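In my numbering, the protein residues as written are 54 to 175.
Ideal placement from N, C-alpha and C gives every residue a C-beta, glycine not left out.
Source: prediction; values computed, not measured.
Below is one structure; the comments refer to it alone.
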Amino acid sequence: MQEENDVLLRQIKSFAQGLGYMIGKAGGNPGSEIVFPQTDARLLPGQERLEQFLTAKQLPEATRFFFSQRYAMAEKDFMALGAWYFEHLNALSDEALDDANYSRQAVEAGLKQLALIQQEQD
């Protein structure tokens with residue numbers, strides 16, 4: 054066979070066999086797991102605190118906290134956090150916003166303010 058004569062093909066075959074053994078553990082019961090990290094899985098700075106505010110239904114405080122973080126983090130992180138935060142606010146029903154002493158107009162005002170910040174960056 055050609056892979057017996059080609060050094061590169063022998064290495065690839067050896068690697069594939071070793072990987073197959075690790076995954077299959079020779080008995081069909083995998084003993085190890087291959088995990089591919091996801092870059093989106095990391096929490097943004099301040100995201101955990103905003104989640105606490107959202108859970109406690111303290112939306113005015115959450116918005117004040119969010120905008121107070123503008124210069125405490127990188128601009129791209131701030132914009133990503135803003136997109137995440139206002140996406141969550143937008144997903145809430147009008148009743149849920151009222152229960153948290155917040156309004157749809159306040160969400161829109163926050164989005165406009167975030168858009169102005171974005172324009173300043175560009």
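Counted within 10 angstroms of its Cβ, other Cβ atoms place residue i as buried (16 or more) or exposed
i: T108; result: exposed
i: Y124; result: exposed
i: S115; result: The displayed chain sequence assigns Ala, not Ser, to residue 115. That one is buried.
i: L169; result: exposed
i: I106; result: The amino acid at residue 106 is misidentified as Ile; the sequence shows Phe. Buried, because 16 or more other Cβ atoms sit within 10 Å of the Cβ of F106.
Integer-rounded CB distance, given that residue j should sit under 8 angstroms from residue i
i: P98; j: N154; result: Actually they are not in contact, since the Cβ atoms of P98 and N154 sit about 26 angstroms apart, beyond 8 angstroms.
i: L103; j: F119; result: 6 angstroms
i: L150; j: S156; result: 6 angstroms
Secondary structure of residue i, DSSP reduced to three states
i: Y124; result: coil
i: P113; result: helix
i: Y138; result: helix
i: G163; result: helix
i: R95; result: coil
i: D147; result: helix
i: N154; result: coil
i: D130; result: helix
Neighbourhood of residue i by C-beta, 8 angstroms cutoff - its chain only, sequence neighbours within 5 removed
i: Q174; result: E128, M132
i: Q171; result: M132
i: Q111; result: A153
i: S67; result: none
Among the options, the one whose alpha carbon lies nearest that of residue i
i: L145; options: R117, E161, Q166; result: E161
i: Q100; options: A69, Q70, L134; result: L134
i: D147; options: W137, Q158, Y138; result: Q158
is_contact[residue i, chain D] using C-beta, thresh 8 angstroms
i: D130; result: The chain labelled as chain D is not found in the depicted structure, where only one protein chain is given.
Residues near residue i in its chain [Cβ-Cβ closer than 7 angstroms; skip 5 each side]
i: F139; result: V160, G163, L164, L167
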